[in-house]
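K.L.:
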Amino acid sequence: MAGAGDSIAGRCLCGGVTIALDNPKRQVELCHCDMCRRWGGAFYAALSGTDFTITGEGSITQFRSSEWAERAFCKVCGSNLWYRFLPTGNRSFLAGLFPDAVNFPIEREIFVDERAAWCEVSGGHPKLTGAQAIAEAEAAGFTFD
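For the sequence shown, counting from 1, position 109 maps to 355 in my numbering; every step adds exactly one.
1) Using 8 Å as the threshold, is the C-beta distance between CYS258 and CYS323 below it?
2) Applying the 10 Å Cβ sphere with the 16-neighbour rule, what's the burial state of ASP252?
3) With ALA379 as the anchor, note down where its alpha helix (DSSP H) starts and where it stops.
4) Look up ASP252 in the DSSP assignment and say whether it is helix, strand or coil.
5) Would you call the stretch 318-336 and the stretch 359-370 touching, i.e. three or more CB-CB distances under 8 Å?
6) Buried or exposed: which applies to ALA347, given that a residue is buried once 16 or more other Cβ atoms fall within 10 Å of its Cβ?
7) Buried or exposed, going by whether 16 or more other CB atoms sit within 10 Å of the CB of TRP364?
8) Comparing the C-beta of ALA341 with each C-beta of chain B, is any distance below 8 Å?
9) Take ALA341 and list the residues in its own chain whose beta-carbon comes closer than 6 Å to its own, dropping the five residues that flank it on each side.
10) What is the DSSP secondary structure of VAL263, counted as helix, strand or coil?
11) What are the boundary residues of the alpha helix (DSSP H) that includes TRP285?
12) Between the Cα of PHE350 and the Cα atoms of PHE388, ALA266 and PRO270, which residue gives the shortest distance?
13) At 3 residues or longer, and completely inside the stretch 320-353: list those beta strand (DSSP E) runs for me, N to C.
Quick look at the structure:
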């Protein structure tokens, strides 16, 4: 596993897109919102870091899923790659792209009120409803029109 200040490597299923994530957060956030569930078939397991390097950009397609978000995937193999929050430009990457992330704990779950009944996740981490997650973001100065 990468140490503090290190980078972890990830890739899509076909290997056409690679991502080096610097200083990964070492915790995964799970989103159960309807859009994330439709995008990936279950929850979105998000991983972030301080910086990243992406190769294979010619294999990447991006889709604007809402007024505030864009999602990317590999157009060769279909692997979902990242979610980009447009107001800040911040990206979070699918944790499953990174072999080192399989041992990272869950930081929290959001939109648990939209969670599929077959997708219950155990643990003592915080579990926020959609209203709570949006209120937290709005308190930080973001708007969702």
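All C-beta atoms in this analysis are idealised placements derived from N, C-alpha and C, irrespective of residue type, glycine included. Small disclaimer: the values here were computed from a predicted structure and weren't measured.
P.N.:
Taking the definition as stated:
1) Here the question's residue 258 lines up with position 12 in the sequence shown. Here the question's residue 323 lines up with position 77 in the sequence shown. The answer is yes: Cβ separation under 8 Å.
2) Stepping through the sequence shown from its first residue, residue 252 is reached at position 6. ASP252 comes out exposed.
3) Taking the first residue of the sequence shown as position 1, residue 379 is located at position 133. Its alpha helix (DSSP H) spans residues 376-385.
4) Position 6 of the sequence shown holds residue 252. Coil, per DSSP.
5) no
6) Within the sequence shown, the letter at position 101 stands for residue 347. Classification for ALA347: buried.
7) Along the sequence shown, read from residue 1 onward, the residue named residue 364 stands at position 118. Flag for TRP364 reads exposed.
8) In summary, chain B is missing from the structure at hand, where a single protein chain is found.
9) Walking along the sequence shown from the start, residue 341 turns up at place 95. Excluding residues within five positions, the ones whose Cβ falls inside 6 Å are VAL274, ALA291, LEU293 and ALA347.
10) Counting from 1 along the sequence shown, the entry for residue 263 is found at position 17. If DSSP states are grouped into helix, strand and coil, VAL263 belongs with coil.
11) By 1-based counting over the sequence shown, the position of residue 285 is 39. It spans 280-286 - the alpha helix (DSSP H) in which TRP285 sits, taken as one unbroken run.
12) Counting from one through the sequence shown, the residue named residue 350 turns up at place 104. Among PHE388, ALA266 and PRO270, the Cα nearest to that of PHE350 belongs to PRO270.
13) 326-331 and 336-340
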